[in-house]
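**Q** Be aware that the first sequence starts at 189, since it is given in my numbering, and climbs by one per residue.
Beta carbons are placed, not taken as given, at the ideal position from N, Cα and C, and that holds for glycine.
Here it is, the structure, as structure tokens.
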Amino acid sequence: MDYKDLANVIYPDVKPIEYYEEKYRVRELPQGAEVTRFAPSPTGFVHIGGLYQCIIDRALAKQTGGVFILRIEDTDQKRKIENGVEQIINALAKFDFIPDEGMISEKEEKGEYGPYKQSERKDIYHSYAKYLIEQGKAYPCFATPEEIEEIRKKQEAAGLRTGFYGVWAKYRNLPVDEAINRIKNGESFVIRLRSNGREDRKIKVKDSVRGHIEFPENDQDAVLIKADGLPVYHFAHVVDDHLMKTTIVVRGEEWISSTPLHVELFNAFGFKVPKYAQVPNILKEEDGKKRKISKRKDPEAAVDYYHEEGIPSDAVCEYLMNIINSSFEGWRRANPDKDISEFKLELSKMGVSGAVFDMVKLLDVSKNVIAKYSAKEVYDFVNAWAKEYDKELFEMLKDEEYALKVFGIERENSKKPRKDLAKWSDVKNSIIYMYERPKEYDFDKIPLTDAKKVIEEYLNIYDYNDDKQVWFNKIKDVAEKLGYAREVKEYKQNPEKWPGHVGDISTVIRVALTGRRNTPDMYEIMQVLGKEEVENRLRKIM
RNA sequence: GGCCCCUUGGUCAAGCGGUUAAGACGUAGCCCUCUCAAGGCUAAAUCAUGGGUUCGAUUCCCGUAGGGGUCACCA
């Protein structure tokens, strides 16, 4: 009885790995092309950190002529939720992340290197596990939870490292025939790596973001295949990324400490180790301390949050790109109209320390992004957002022609478009007065009787067809007639000479029209409201 | 606790042996302006700490502190 017999007892009916090695050929890609992959569990939840990784994955693939894969890591049944894959795909699609290859719906996929859902790759994992067993590089382990606990306690009592290694790896040297007997008796078991590593030897791993990292070799007989027959992450990662020809693994920094194991596994098979880019987490500041942004505590950890708030996905991506490569900001300034995909992302320029998520900065980025949209684009975005999240706004926007005029204020014919919108959820409040007449008026320091006089005078000379210059001169005329300074500058030089200046007069008109003291350009507002509405609103004061 | 990673203004950060230590967001002030949003200008604000190495350290090395990660039949 040898390892081969053992392997045959455990996995009698699987194909040899040569079959898969033959099936998944080397990709025909340009020199230097990167194959990247985003590999979430089907929890239905996309974390902002996941989006961050996707941006890197896609950028690397795109700028090198490579491939961006979406793979689903569903080897843990506990993590699975109904339609989790679909939800992830949809969430990513909202940010224009359409993978080149991999899952495209709950059950469908595209590409030649699948299946792209790990639960459907069981046979493949078994083939590779079998190969390792035949080589004596893996073995069945029958340790019960109680045994494992016992070992751990002994190790702790002795002040040693915990885990299955060296003499502690209880079933590592179990004779083959005994193992076979136990298996035939139906005993539950896992497959563990028979590690060759030594803790007193160092290995150096290159990380594309951090440079070289040195650690002790892995010497743990890590579990490869669980008792349920599904692989553990480490094993699936090695098999999948080898077979899918991944060239660079972008993943969170929590994986750094397991790379020695991964390297050992790649070496055990004789496979080429991919590059690793282990990226920092996005942090949240709380009570002066920084911590990883959390799914449970922080709503902004979920990418859906941004969609609900109406923060354009372009803005979120640009903000994240800022964190990935801070030179992006300068590039954007120099290339205001280029697509984000034209920016050349460089892993070596990436920050390594983990950035605190800054919502204020995001909103600022968002203002700039929105300022570049045309009235029609704004309309389409707002409309789509309102349809889902604000029925009242959606109804308000039914008259598209009018809405386009409203969104065109200080936008459409302006070289310096207004920058006051940061998210679609701000829209209603910022345009409501274009749809509803003011309910109350507050003229600030101007008494109501004076306000009425202003309106009365103004109504006499108001003409819808005036151009902006004439329009403004008429307001100045009203100011002068009522004894207010015609120019703000004059007023500032001798404030005691007048009760106020032209600005106060226009404030009266503004409040009468909109109920607000602060609005965008009043001339444009009046043009959009139209002659009749302007006159009606003004008369209402009287 | 072992191992590993990280540490420049409030935040994101440039820097890669000699700099007045960029820039952006935010904050404050001024200018512009019919108000606001912008825009322009200006200001305050940073190299965690102790040792080395060096003519010279933010930069290189070591220690310390602080933060984070990891030590699962979870990813």
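#1: List the endpoints of the continuous beta strand (DSSP E) containing A543.
#2: Classify T637 as buried or exposed, calling it buried when 16 or more other Cβ atoms lie within 10 Å of its own Cβ.
#3: Give every residue of the same chain whose Cβ lies closer than 6 Å to the Cβ of K463, excluding the five residues on either side of it in the sequence, and list them in chain order.
#4: By the 10 Å Cβ neighbour count, where 16 or more other Cβ atoms means buried, how is D201 classified, buried or exposed?
#5: By the three-class DSSP mapping on this structure, what secondary structure does E300 have?
#6: Would you mind sorting P487 into buried or exposed? The rule is 16 or more other CB atoms within 10 Å of its CB.
#7: List, from N- to C-terminal side, the beta strand (DSSP E) runs of 3 residues or more that fit wholly inside the stretch 350 to 404.
#8: Rounded to whole angstroms, how far is the Cβ of I379 from the Cβ of L412, which I believe are closer than 8 Å?
#9: Assuming the contact rule is C-beta atoms closer than 8 Å, R225 and R259 should be a hit. Round their C-beta distance to whole Å, please.
#10: So, is N513 buried or exposed, given that buried needs 16 or more other C-beta atoms within 10 angstroms?
#11: What whole-angstrom Cβ distance do L381 and A424 have, given they're in contact under 8 Å?
#12: Grab the span of the alpha helix (DSSP H) containing A424 for me, first residue to last.
#13: Assuming M622 contacts L726 (C-beta within less than 8 Å), just tell me the rounded distance between them.
#14: Output the distance between the C-alpha atoms of K555 and Y319, rounded to the nearest integer angstrom.
#15: Could you tell me whether the stretch 569 to 577 touches the stretch 493 to 504, where touching means 3 or more Cβ pairs closer than 8 Å?
#16: Look at the alpha carbon of E366 and the alpha carbon of R398, and state the distance between them as a whole number of angstroms.
#17: Please list, in chain order, all residues of the same chain as P287 whose beta carbon is under 7 Å from its beta carbon, the five residues on each side excluded.
#18: Which residue or residues does DSSP assign as beta-bridge partners of C329?
#19: Inspect the beta-carbon positions of V467 and I663 and report whether they are closer than 9 Å.
#20: Within 10 Å of its beta-carbon, does N406 have 16 or more other beta-carbons around it, so buried, or fewer, so exposed?
#21: Based on the DSSP output, what are the partners of F471 in its beta bridges?
#22: Helix, strand or coil for Y672 per DSSP?
#23: As a quick exercise: from H400, G302, K604, pick the residue whose alpha carbon is nearest that of S536.
#24: Do you know how far the Cα of K310 is from the Cα of H450?
#25: Scan the stretch 253 to 313 and note each continuous alpha helix (DSSP H) run of 4 residues or more that stays entirely inside, going in chain order.
#26: What do you get for V722, buried or exposed, if any count of 16 or more other CB atoms within 10 angstroms of its CB means buried?
#27: Quick one: grab the DSSP three-state call for R599.
#28: What's the C-alpha gap between P683 and E668?
#29: Apply the 10 Å Cβ neighbour rule to T332 and answer buried if 16 or more other Cβ atoms are within range, or exposed otherwise.
#30: Specify, as a first and last residue, the run of the beta strand (DSSP E) that R225 falls within.
#31: Counting only runs that start and end within the stretch 595 to 646, where is the alpha helix (DSSP H) found for 4 or more residues in a row?
#32: Could you pull the DSSP bridge partners for A410 from this structure?
#33: What residues in its chain sit with their C-beta under 7 Å from that of L348, if we drop five residues either side in the sequence?
#34: How long is the line joining the alpha carbons of L453 and D190, rounded to whole angstroms?
#35: So which of I693, Q219, M714, G691 has the shortest CA-CA distance to T702?
#36: Give the single residue among I292, R674, D284 whose Cα lies nearest to the Cα of V273.
**A** Working from what's here:
#1: It is not in any beta strand (DSSP E) - A543 carries neither H nor E in the DSSP assignment.
#2: By the neighbour-count rule (16 or more Cβ atoms within 10 Å), T637 is not buried but exposed.
#3: For K463, where only same-chain residues beyond five positions count, the Cβ hits under 6 Å are S396, I436.
#4: Exposed, by the Cβ-count rule.
#5: coil
#6: exposed
#7: 378 to 381, 390 to 395, 399 to 404
#8: 5 Å
#9: Contact flag correct, Cβ pair sits at about 5 Å.
#10: buried
#11: With a Cβ gap of about 14 Å, L381 and A424 do not count as contacting.
#12: 421 to 431
#13: Between M622 and L726 a beta carbon distance of about 16 Å is seen, past the 8 Å cut, so the two are scored as non-contacting.
#14: If you draw a straight line from the Cα of K555 to the Cα of Y319, it comes to about 56 Å.
#15: yes
#16: In a straight line, the C-alpha of E366 is about 46 Å away from that of R398.
#17: F256, I257, L258
#18: V378
#19: Between V467 and I663, the C-beta gap is not smaller than 9 Å, which leaves the two residues out of contact.
#20: buried
#21: The question names Phe, yet the displayed sequence has Leu at residue 471. DSSP output for L471 lists K480, V544 as bridge partner(s).
#22: Taken through DSSP and simplified to helix, strand or coil, Y672 comes out as coil.
#23: H400
#24: Rounded to the nearest angstrom, the two C-alpha atoms are 19 Å apart.
#25: 272 to 281
#26: Its Cβ being crowded by 16 or more others within 10 Å, V722 is buried.
#27: coil
#28: 15 Å
#29: exposed
#30: 223 to 226
#31: The qualifying runs are 615 to 619.
#32: Answer by DSSP bridge pairing: none, since A410 is not bridged.
#33: There are no such residues.
#34: 22 Å
#35: Of the candidates I693, Q219, M714, G691, the one whose C-alpha sits nearest the C-alpha of T702 is M714.
#36: I292
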